[in-house]
Amino acid sequence: MVEAVAWLEEAVKEAETSSGLTIKQEVIMTSLDKEEENEQQFCSALFSGAALVLDVTAGGWTFAQDTAAAHGIPYVRVQVSNYQWLAATDHLLQSRNATDAALIFGSEAGGFGGYDWANGCDGGSVVRVIVLPGIDDKTTTTLRKMRPAPSYYVILAATDRLTALFNQVCA
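Here the numbering used here is used: the first residue of the sequence shown is 2, the next is one more, and so on.
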């Protein structure tokens, strides 16, 4: 969720600069254990005036969608996490009858969605996975000593970071 907020703040800043307009935004950090509080915050934000509801939660927020629709406010859901990539990776691994894989992320922040996915959130995977937030000497040694060794190594990172991680793993 933190990555989504950072992405949104950067996008708003860029839109303000390019358009010359001032955009007022209210970010609501949702939490399953604070559902009623989240809903009250959302209604308060709508009451103060809203032109658009932009939902960047991992799975969408039905309450926000329904409430926005009831008040004639456009609701837009944007996927900014790596869940789609994780689902595609899972389908690929299953199509190859993989039983295990090492998921390696270019940064620690990128790995958080992987932890949730590997632990069964959002449907999870039938493939046994180990999630690594990048590679250092310790994790490289751990991967090499792992028995049985993972059948597949899957890396998600920017191109330059991906190349560096790949070379480090293969060294």
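The beta-carbon is built from N, C-alpha and C at its ideal position, and this holds for glycine as well.
Computed from a predicted structure; not experimentally measured.
One alpha carbon belongs to Asp138, the other to Asn168, and they sit about 13 Å apart.
Inside the segment 28 to 65, DSSP marks whole beta strand (DSSP E) runs of 3 or more residues at positions 54 to 56, from first to last along the chain. Between the segment 64 to 71 and the segment 92 to 102 there are fewer than three C-beta pairs closer than 8 Å, too few to call the two in contact. The DSSP-derived three-state label of Arg162 is helix. In the three-state scheme derived from DSSP, where H, G and I count as helix and E and B as strand, Asp138 is classed as helix. Beyond the five residues adjoining it in sequence on each side, Glu17 comes within less than 8 Å, by CB distance, of Thr23 and Ile24 in the same chain, given in chain order. Residue environment analysis places Leu33 among the exposed positions, since fewer than 16 neighbouring C-beta atoms fall within 10 angstroms of its C-beta.
In this structure, DSSP gives Arg145 a helical state, which the three-state scheme calls helix.
Using a C-beta cut-off of 8 Å, the segment 48 to 57 makes contact with the segment 76 to 90, since at least three inter-stretch Cβ pairs fall below that distance. If you draw a straight line from the Cα of Ser152 to the Cα of Asp101, it comes to about 6 Å. Secondary structure of Val79 (DSSP, three-state): coil. Shown here for Asn39: same chain residues with a beta carbon closer than 7 Å to its own, the five before and five after excluded, namely Ile29, Thr31 and Ser32 in chain order.
For Ala102, the enclosing beta strand (DSSP E) starts and ends at Asp101 to Phe106.
An exposed status is given to Asp161, since fewer than 16 other beta-carbon atoms sit within 10 Å of its beta-carbon. In this structure, the alpha-carbon of Glu11 lies about 21 Å from that of Tyr84.
In the three-state scheme derived from DSSP, where H, G and I count as helix and E and B as strand, Leu22 is classed as coil.
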